[in-house]
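Okay, so here's the structure we're looking at.
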DNA sequence: TGAAATTTAATTGCGCACAACTCATTTTTT
DNA sequence: AAAAAATGAGTTGTGCGCAATTAAATTTCA
């Protein structure tokens, strides 16, 4: 009478719990920047695309669809972090461009990765191999 | 001019993406049982506590507070999976008990863990060590 | 004993995440 | 060129996840 339906055995539950834990760790730090966790992830992409990026390409990098991104970007626009511009060569495409304020916020965020790395209590090598394992898992699943 | 603010470097983004990916993998399978992913996680705990469990203890195991659990359990009660009973020895406590239907659903879920394991493309040893690494990370963070 | 503090669950409000759908624009096909 | 298909973004509705608050019951302790 054995079962595999045990919470402690589930990889999925560990990912679920750790993701929530990460959100909670970031929340107080991001509050100083007036950003939510998903907004911070979006800013990481936008800081790498200072010339602008389409909603579609942003969604591909974040693995999010327009149903999530549209209202999220609307809120970020309302906070003055970015603007939306229709692409004249293809009117369907909306380009997201950071404002001065959005670009400037990068400086205030530079300390975050180091701070979070410290919290993980991992060696750089261990972090690297864990990242690799997770990438492998993702690749297997998306196979 | 190097920065650590790169999405691809972030452990947190991998956990965020993999968790969403897991949800999407489970969704179609759980749809057959008319369960959402968080409801499935709750059922895992309830199937291990057939005599009943308090909302507080359930929340401790799932790492969820009553703000999330109360409406979730309400929906599951409406679906006929469980009932809520006030504990007579301490009227603050609400005990969650599975109905016959809730208990019976376990049989229909027995195939899920094996199916999901196959999708990960991991060896049993690799899965075990990944689970260990994630447990270690969680322990480090929770200090 | 009686007031204060604690505990437990529920409620409210907000921001994702996503399915399903709409709408406008562009591309493909015939 | 006209019809059909595909594409990109937005809207609607549902279900979490969590902070903040409320309300009731219990425990603490002055």
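Chains as they are written, first to last, in my numbering: chain A, 1 to 143; chain B, 1001 to 1143. Every residue, glycine too, gets a C-beta built ideally from N, C-alpha and C.
Check                                                                                                                                                                       : Outcome
Would a check of beta-carbon distances place residue 17 (chain A) closer than 8 Å to chain B?                                                                               : yes
In angstroms, rounded to a whole number, what distance separates the CA positions of residue 68 (chain A) and residue 1089 (chain B)?                                       : 46 Å
Residue range of the beta strand (DSSP E) that residue 1093 (chain B) falls in?                                                                                             : Per DSSP, residue 1093 (chain B) belongs to no beta strand (DSSP E) and is neither H nor E.
Cutting at 8 Å between CB atoms, please list the residues of its own chain near residue 86 (chain A), excluding the five before and the five after it.                      : 93, 94 and 95
Assuming the contact rule is C-beta atoms closer than 8 Å, residue 15 (chain A) and residue 1007 (chain B) should be a hit. Round their C-beta distance to whole Å, please. : 18 Å between Cβ atoms; not a contact.
By the 9 Å beta-carbon criterion, what residues does the stretch 1120-1138 of chain B contribute toward chain A?                                                            : 1120, 1121, 1122, 1126, 1127, 1129, 1130, 1131, 1133, 1134, 1135, 1136, 1137 and 1138
Got a sec? Which residues, its chain only, sit under 7 Å from residue 62 (chain A) by beta carbon, not counting five neighbours each side?                                  : 41, 42 and 45
Quick check on the burial criterion: 16 or more other C-beta atoms within 10 angstroms. Buried or exposed for residue 1013 (chain B)?                                       : buried
Taking residue 82 (chain A) as part of the beta strand (DSSP E), name the residues at either end of that continuous run.                                                    : 82-86
By Cβ distance below 7 Å, which residues in the same chain neighbour residue 1083 (chain B) in space, the five residues on each side in sequence not counted?               : 1077, 1097 and 1099
Name the chain B residues whose beta carbon is nearer than 9 Å to that of residue 5 (chain A)?                                                                              : 1043, 1044, 1047, 1048, 1106, 1109, 1110, 1112 and 1113
Less than 8 Å between the beta carbons of residue 17 (chain A) and residue 1138 (chain B), yes or no?                                                                       : yes
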